[in-house]
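What follows is a short report on a single structure.
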Amino acid sequence: MLEVKKTIEIDGRQFILQTQPAASVYALLTEILTKGLPLNLLGSALEQFIPASMLNMAGKQTMTVEEMEKLQLEFMRCVSEILPGGPVAVVDERGNYQVEDLEYDMLLFGQLLTEMAKWQYADFFTEILRKLGIEDLTIQLEDPEKLKTLLSRIS
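Here our numbering is used: the first residue of the sequence shown is 35, the next is one more, and so on.
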């Protein structure tokens, strides 16, 4: 069964990560791959999941600061902090911060953003790697020869 909520702790604070609808997550992933990443890091491996025409744009467009901020706030809309009065969304529908110190705490913002991205995309990328025959990525990354083989397979 698909888990749609996850509670995490960062520096003694409790946060709830809520899975976004598949269409939203897919749209954000496409935006990340076509504008956010400088290179098509997974080569043709993604073509069975995302149309090749979209992947061919990877690295050819640049993401503006405004687009990057909007993308980040989209991720954060599905994060809530558990406060004494109950859960509070850290960012509302209009992109306004609802948790007082988050707007200016770059470390906390970055940690939440990283956790949310991992939460949204871990299964997707794990499945791609599995289809490539890569079962234990940790072993692949620790052994230089296996890493070289891995990189040749995904490029």
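Note that beta-carbon positions come from the ideal geometry of N, C-alpha and C, so glycine has one too.
Secondary structure of residue i, DSSP reduced to three states
i      : result
Leu73  : Because the pLDDT at Leu73 is just 43, under 50, the model does not fix this residue reliably, and the point stays unresolved.
Arg164 : helix
Gly119 : coil
Thr41  : strand
Gln48  : strand
Val124 : coil
Val133 : coil
Met140 : helix
Thr148 : helix
Met102 : helix
Classification of residue i by the beta-carbon crowding that lies within 10 angstroms, buried from 16 upward
i      : result
Leu117 : exposed
Asn74  : Here Asn74 scores only 45 on pLDDT, less than 50, and its place in the model should not be relied on; the value that follows carries that caveat. Result: buried.
Val125 : buried
Leu51  : buried
Leu113 : It should be noted that the sequence gives Val, not Leu, for residue 113. The residue in question, Val113, is buried, as its Cβ has 16 or more Cβ neighbours within 10 Å.
Met110 : buried
Leu141 : exposed
Beta-carbon contacts of residue i that lie in its chain and below 8 angstroms, excluding the five residues immediately before and after
i     : result
Glu43 : Phe49
Ile66 : Leu105
Bridge partner(s) assigned by DSSP for residue i
i      : result
Ser114 : Ile50, Ala123
Chain-order list of residues whose beta-carbon lies under 7 angstroms from that of residue i (same chain, five-residue window excluded)
i      : result
Gln106 : Leu147
Val59  : Gln154
Glu108 : Leu62
Note to self: Using a Cβ distance threshold of 8 angstroms, determine whether the segment 146-155 contacts the segment 125-135, with at least three qualifying pairs required.
What the structure shows: With the cut-off at 8 angstroms, the segment 146-155 and the segment 125-135 do not touch.
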